[in-house]
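See below for the structure under consideration.
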Amino acid sequence: MDEMAHGVALPETPREFGFFIDGEWRKGRDMFERNSPSHDVTVTRTARCTPDDLDQAVAAARRAFDDRRWAGLPGAERAGVLLRTAEGLRWHREEIARWEVLENGKPISQARGEIDHCIACFETAAGAARLLHGDSFNNLGDGLFGMTLREPVGVVGLITPWNFPFLILCERVPFILASGCTLVVKPAEVTSATTLILADILAEAGLPAGVYNVVTGSGRSIGQALTEHAGIDMLSFTGSTAVGRSCVHASADSNLKKLGLELGGKNPIIVFADADLEDAADGAAFGISFNTGQCCVSSSRLIVERSVAAEFERILAEKMKKIRVGDPFDPETQVGAITTASQNETILGYIAKGKAEGATLLVGGEPLESDCGRYIQPTLFSGVTPSMSIAREEIFGPVLSSFHFDTQDEAIVLANDTVYGLAASVWSKNIDKALTVTRRVQAGRFWVNTIMAGGPETPTGGFRQSGWGRETGLLGVEEYTQVKSVHIEIGRRSHWISS
Ligand code: TXE
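Right, here's the structure in full:
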């Protein structure tokens with residue numbers, strides 16, 4: 006009998022996965038195991054793919070691209086596959102949610118919500134597959150007509166992280182497929198299960214063999230080899246800024262493949278004195294605690310107007326104390342486990358640095374006692390100054406640093422005082438202030454009097470060192486296309502050489 010956690014069975018034996026090339030499952034020779042971050046039970050065994058496996062996956066994706074079995078279909082047929090996949094995700098919602106929880110440690114209620122977002126991604130991309138088009142130039146004179154064609158880039162390599170294994174995958178895969186590209190995915194080694202499960206759902210939906218291939222293994226070996234592979238036309242990478250930088254080097258040193266990068270963030274949440282403070286405090290608590298702060302768009306720098314700072318921090322601290330942290334299979338849990346042991350150490354290391362550098366700890370700051378699993382209570386530091394490491398570096402955990410400002414200009418300077426520019430949020434009932442801040446703070450995604458809102462219709466991506474390119478929305482499909490300009494002579498060309 007399987008062990009139970011809140012009525013959900015933990016696997017008695019780990020589920021073993023092969024890897025997926027050219028529409029077929031292959032068996033790994035060398036396997037690695039993943040323990041659940043919340044229950045310390047081995048949940049999956051996944052293959053360590055070899056460079057030869059990767060070559061075969063790239064070759065399969067290349068054949069599937071070159072013979073036009075996918076790119077050559079009408080957009081309506083590609084849309085049909087994407088819509089049937091969305092339907093498949095509805096059928097497999099509970100299964101996918103369970104494996105997300107088992108490998109990542111996120112709360113089950115959150116995992117279900119994320120899968121609903123993934124379904125919406127497939128539906129949105131299906132619409133985009135039908136609407137994707139170029140442009141025409143009727144203004145080149147009577148003798149010449151011009152147009153632009155949008156053509157798929159080719160074979161895409163996709164490297165995804167462990168914080169949103171399925172959501173980040175689905176914010177890319179349907180848009181890549183809508184463009185007509187084929188792909189080779191390398192999920193994070195600790196959270197590969199749901200990327201592999203998607204292979205069967207896509208195949209059931211009618212995706213031709215060779216269009217979606219998955220190789221598994223470590224970032225340093227198989228991930229690095231994918232970034233360097235000359236058979237890949239474009240690489241979409243989501244993860245740390247350090248590895249993003251190495252993708253740029255790998256592209257430069259191989260075939261100058263096109264890059265899409267979504268990297269780190271140190272995102273500001275700016276609260277003016279005229280904001281609804283209760284509402285803003287709820288947003289701030291959610292913004293730093295969602296997915297245990299292991300989220301590239303976490304609002305990790307609170308920039309609050311000095312006249313209300315003490316009151317705001319008191320309201321916020323009270324709210325943060327009430328956040329329910331614990332077993333992710335408990336439907337009441339809001340914050341689950343820290344996904345990896347090394348990330349846990351990183352977060353606790355930053356909390357220790359914050360204390361040592363003289364910030365004032367208002368709430369949290371300790372790991373929670375637990376028989377198994379790694380949990381950290383959402384943490385708030387006040388009196389943070391811009392030079393402290395908790396002010397500058399991405400912690401990727403539930404640790405919020407609070408700064409105070411007196412003027413709007415000062416708030417904008419503080420918000421922009423980072424190398425990143427992924428997301429930002431401003432809270433004010435004064436439209437002039439809210440809009441001025443929105444226009445002057447550098448960030449790819451902005452929220453006014455809300456946080457982490459929005460669906461797959463709008464694009465995501467970063468300014469500055471937070472990345473290159475955009476995912477989701479129409480731009481998210483166009484990103485995986487290249488534009489060809491076509492000129493057509495009407496009538497007789499005037500000759501260069503006189504007859
Ligand atoms: O990320 P990595 P890590 C940030 C966050 C976190 C830090 C480290 O600050 O604390 O990164 O996390 C693959 N060539 N983010 O070390 O290593 C790896 O297998 C090619 C922010 O886990 O960047 C995985 O699939 N690929 C972020 C993916 O890269 C390589 C999400 C991400 O892992 C590789 C995750 C290499 N040399 C971490 N090395 C976000 N923007 O949401 C690793 N990988």
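In the working numbering, the protein residues as written are 6 to 504.
Using N, Cα and C, we set each Cβ at its ideal position, and we do this for glycine too.
All of these numbers come straight from a predicted model, not from anything done at the bench.
Please check the pair residue i and residue j, which I expect to be a contact at CB under 8 Å, by giving their CB distance rounded to whole angstroms.
i, j, result
"valine 189", "threonine 486", "Contact flag wrong, Cβ pair sits at about 18 Å."
"cysteine 123", "phenylalanine 171", "6 Å"
"glycine 466", "glycine 472", "6 Å"
"alanine 183", "alanine 133", "5 Å"
"proline 16", "valine 46", "7 Å"
"leucine 59", "isoleucine 227", "6 Å"
"histidine 44", "glycine 378", "6 Å"
"glycine 80", "serine 490", "Rounded, the Cβ-Cβ distance is 21 Å, inconsistent with contact."
"arginine 450", "valine 302", "6 Å"
Is the CB-CB distance between residue i and residue j below 8 Å?
i, j, result
"isoleucine 328", "alanine 290", "yes"
"alanine 448", "glycine 474", "no"
"phenylalanine 277", "asparagine 435", "yes"
"alanine 364", "methionine 393", "yes"
"serine 430", "serine 304", "yes"
"isoleucine 395", "valine 389", "yes"
"threonine 165", "alanine 193", "yes"
"isoleucine 120", "phenylalanine 334", "no"
"threonine 463", "valine 453", "no"
"serine 433", "alanine 280", "yes"
"valine 220", "phenylalanine 24", "yes"
"leucine 240", "phenylalanine 22", "no"
"threonine 129", "proline 461", "yes"
"phenylalanine 127", "threonine 187", "no"
"isoleucine 495", "aspartate 147", "yes"
"valine 48", "glutamate 108", "yes"
"glutamine 348", "glutamine 413", "no"
"alanine 342", "proline 19", "no"
Between which two residues does the alpha helix (DSSP H) holding residue i run?
i, result
"proline 56", "56 to 71"
"asparagine 40", "Careful: asparagine 40 lies outside any alpha helix (DSSP H), inside the beta strand (DSSP E) at 36 to 40."
"proline 170", "170 to 175"
"leucine 321", "311 to 326"
"alanine 257", "246 to 258"
"leucine 88", "80 to 96"
"lysine 438", "436 to 445"
"threonine 200", "198 to 209"
"leucine 508", "Outside the shown range of the chain (6 to 504) lies residue 508, about which nothing can therefore be said."
"isoleucine 293", "282 to 294"
"glutamate 415", "413 to 421"
Have a look at the options and flag the residue whose alpha-carbon is nearest the alpha-carbon of residue i.
i, options, result
"tryptophan 243", "Glu476, Val491, Ala76, Val482", "Note that residue 243 is threonine in the sequence shown, not tryptophan. It is Glu476 whose Cα lies nearest to the Cα of threonine 243."
"leucine 385", "Trp452, Asp335, Ile293", "Ile293"
"leucine 163", "Leu231, Thr199, Gly151", "Leu231"
"glycine 369", "Cys377, Glu362, Leu353", "Leu353"
"glutamate 29", "Thr441, Ile120, Leu207", "Leu207"
"isoleucine 173", "Glu156, Ser197, Phe150, Arg498", "Ser197"
"alanine 322", "Ala214, Ala285, Gly496, Gln348", "Ala285"
"aspartate 376", "Glu398, Pro336, Gly331, Leu137", "Gly331"
"aspartate 72", "Ser256, Ser499, Leu373, Gly215", "Gly215"
"glutamine 115", "Asn168, Ala76, Tyr355, Gly139", "Asn168"
"leucine 367", "Ile275, Val404, Glu484, Asp411", "Val404"
"histidine 138", "Ser504, Leu480, Ser499", "Leu480"
Could you give the residue range of the beta strand (DSSP E) that holds residue i?
i, result
"tyrosine 217", "217 to 219"
"proline 273", "272 to 276"
"phenylalanine 408", "404 to 410"
"glutamine 487", "486 to 494"
"proline 157", "149 to 157"
"threonine 49", "47 to 52"
"phenylalanine 127", "Per DSSP, phenylalanine 127 belongs to no beta strand (DSSP E); it is in the alpha helix (DSSP H), 113 to 136."
"valine 340", "Premise fails: valine 340 is in no beta strand (DSSP E) and is neither H nor E."
Closer than 8 Å is the cut-off here; do at least three beta carbon pairs connect the region 30 to 38 with the region 90 to 106? no
Is there contact here, the region 258 to 275 with the region 408 to 427, by at least three beta-carbon pairs under 8 Å? Contact holds: three or more Cβ-Cβ distances are below 8 Å.
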